[in-house]
Amino acid sequence: MNDFWIILVGILVACACSLVGCFLVLRKMAMIGDAISHSILPGIAIAFFIGGRDSFLMMVAASLVGLFTVFLIQTFHQKGVQSDASIGIVYTALFSIGVIMVSMNARQIGIDLDCILHGEIAFTPWNTLSIGGVHLGPRAVWQVGSVFLLSLIVIGVFYKQFKICSFDPVMAAAIGIPVVFFHYLLMALVSLVTVASFESVGAILVVGMLVVPASTAYLLTERLSVMIGISMLVGSLSAVIGYYIAFILDSSIAGSMVAVSGMLFLLALLFSPTHGVLMKKWKLRSRSI
Numbered sequence: 002m003n004d005f006w007i008i009l010v011g012i013l014v015a016c017a018c019s020l021v022g023c024f025l026v027l028r029k030m031a032m033i034g035d036a037i038s039h040s041i042l043p044g045i046a047i048a049f050f051i052g053g054r055d056s057f058l059m060m061v062a063a064s065l066v067g068l069f070t071v072f073l074i075q076t077f078h079q080k081g082v083q084s085d086a087s088i089g090i091v092y093t094a095l096f097s098i099g100v101i102m103v104s105m106n107a108r109q110i111g112i113d114l115d116c117i118l119h120g121e122i123a124f125t126p127w128n129t130l131s132i133g134g135v136h137l138g139p140r141a142v143w144q145v146g147s148v149f150l151l152s153l154i155v156i157g158v159f160y161k162q163f164k165i166c167s168f169d170p171v172m173a174a175a176i177g178i179p180v181v182f183f184h185y186l187l188m189a190l191v192s193l194v195t196v197a198s199f200e201s202v203g204a205i206l207v208v209g210m211l212v213v214p215a216s217t218a219y220l221l222t223e224r225l226s227v228m229i230g231i232s233m234l235v236g237s238l239s240a241v242i243g244y245y246i247a248f249i250l251d252s253s254i255a256g257s258m259v260a261v262s263g264m265l266f267l268l269a270l271l272f273s274p275t276h277g278v279l280m281k282k283w284k285l286r287s288r289s290i
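Take 2 as the starting number for the sequence shown in our numbering and just add one per residue.
Below you can see the structure in the form of structure tokens.
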């Protein structure tokens, strides 16, 4: 059962990250996920100071810091700082503050910096959720699963608005869609997904789950709905194959999952029917003949 729970958590993380990651890729905001995944560390540390290992409090605090990160990035960009520079400034500053807070109080809050960076999905079967003495399975399954379900509901209800805002925000504003509201709603979902996935795959590898499957799907289709489905499929395959590769090589499970996702992206880059490098060369050669 331990193998099943680990793979299930990996699939849930991959699907949750892929769902919101598609919109980040379309908006050319992929590195926002990197910024949020690092900058939420102060929020997690503060939550530990206040309520110990209260998962709900930790998620709320980290999500608020994630939204604050997006607000700072937007503010700096509007003041004339380039977008990539704004991201770099904000997330490195907040992450550094979080590292200082953790390193100064590591014994009191029980956080390991290596676990923060890399995560350890192999421990998820032992961190269980119990209600009234009844064990309901790993806490990560319920945590990531509930956030994934929430993201599905929100994006499903406002799918048209998210789609128009992603492809043409000017037109969205012209027809009366509150673009700023949906921007921060999406960022709130990204923050929640990042925090929920944080414990399993760590701050660094959650970025790969957000970006790589969505980028792979982007190369394989021109339709957003299909892109979301393909990205979830790629993420799920990466989780399953990556787990067994990690088992064979005795290596990091989360690292193997993202590495497999990168390999699938490379295959899509080479053999995609529309964007593949080799397919483009083959089409050019066929026309010349």
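Think of the CB as a built atom: it goes at the ideal place given N, C-alpha and C, for glycine as much as any other residue.
For this session: Using the DSSP secondary-structure output, state which residues sit across from His292 in a beta bridge.
Result: In the structure as shown, the chain starts at 2 and stops at 290, and residue 292 therefore has no counterpart that could be examined.
For this session: Whole angstroms is fine: what's the gap from Ser237's alpha carbon to Thr125's?
Result: Taking the straight line joining both Cα atoms gives about 17 Å.
Exercise. What are the complete alpha helix (DSSP H) segments, minimum 4 residues, inside the segment 148-215?
Worked result: 160-168 and 170-175
For this session: Round the Cβ separation of Ile1 and Val261 to the nearest angstrom and send it over; I've been treating them as touching at under 8 Å.
Result: Absent from the model: residue 1. The displayed extent of the chain is 2 to 290, so no value can be given.
For this session: Enumerate in chain order the residues of its own chain whose CB-to-CB distance from Met59 is below 6 Å, with the five nearest sequence positions on each side excluded.
Result: Ile45 and Ala48
Problem set entry | Through-space distance from Ile90 to Gln79, alpha-carbon basis | 14 Å
For this session: Using beta-carbon positions only, say whether Trp143 and Leu151 come within less than 8 Å of one another.
Result: no
For this session: Please report how far the alpha carbon of Lys281 lies from the alpha carbon of Leu265, in whole angstroms.
Result: About 18 Å.
Problem set entry | Residue burial classification, Asp35 (beta-carbon count within 10 angstroms, cutoff 16) | buried
For this session: Just tell me which of Lys161, Leu193 and Leu190 has its CA closest to the CA of Ile178.
Result: Restricting attention to Lys161, Leu193 and Leu190, the CA atom closest to the CA of Ile178 is found in Lys161.
Exercise. Run through DSSP, which three-state label would Met30 get?
Worked result: In the three-state scheme derived from DSSP, where H, G and I count as helix and E and B as strand, Met30 is classed as coil.
For this session: Spell out a yes or no on whether the segment 2-14 and the segment 127-141 are touching, meaning 3 or more CB-CB pairs, one atom from each, closer than 8 Å.
Result: yes
Problem set entry | Through-space distance from Ser147 to Thr93, alpha-carbon basis | 29 Å
Problem set entry | Cα-Cα separation, Ser252 to Val202 | 14 Å
Exercise. Do you know offhand how far Tyr185's Cα is from Ala17's?
Worked result: If you take the alpha carbons of Tyr185 and Ala17, they lie about 18 Å apart.
Problem set entry | Residue nearest to Gly230 in terms of C-alpha spacing, selected from Phe50, Gly22 and Pro43 | Gly22
For this session: Return the residue from the list Ala123, Leu73, Leu42 and Phe24 that minimises the CA-CA distance to Ala255.
Result: Ala123
For this session: Compute the beta-carbon to beta-carbon distance between Ser38 and Leu193, rounded to the nearest angstrom, for a pair I have assumed lies under 8 Å.
Result: Going by Cβ atoms, the distance from Ser38 to Leu193 rounds to 12 Å, so no, they are not a contact pair.
Exercise. Which residues in the same chain as Phe272 place their Cβ atom closer than 7 Å to its Cβ, once the five residues preceding and following it in sequence are excluded?
Worked result: Leu279 and Met280
Problem set entry | Unbroken alpha helix (DSSP H) run spanning Gly243, endpoints | Leu225 to Leu250
For this session: Go ahead and pull the three-state DSSP assignment for His1.
Result: In the structure as shown, the chain begins at 2 and stops at 290. Residue 1 is therefore absent and cannot be evaluated.
Exercise. Going by the CB atoms, is the gap between Val145 and Val14 shorter than 8 Å?
Worked result: yes
Exercise. Leaving out five residues before and five after Ser198 in sequence, what residues of the same chain have Cβ atoms less than 7 Å from its Cβ?
Worked result: Counting only Cβ-Cβ distances below 7 Å, and skipping sequence neighbours, we find Val14, Ala17, Cys18, Val145, Val207 and Met210.
Exercise. Smallest Cα separation from Val191: which of Ile101, Ser131, Asp85 and Ser40?
Worked result: When the alpha-carbon of Val191 is set against those of Ile101, Ser131, Asp85 and Ser40, the nearest one is in Ser40.
Problem set entry | Same chain, Cβ closer than 8 Å to Ser167, neighbours up to 5 away in sequence not counted | Phe24, Leu27, Arg28 and Leu225
For this session: Could you check the C-alpha separation between Ile74 and Val181 for me, to the nearest Å?
Result: 14 Å
Exercise. Residues in its own chain within less than 8 Å of Leu68 by CB, not counting five upstream and five downstream?
Worked result: Excluding residues within five positions, the ones whose Cβ falls inside 8 Å are Tyr185, Met188, Ala189 and Ser192.
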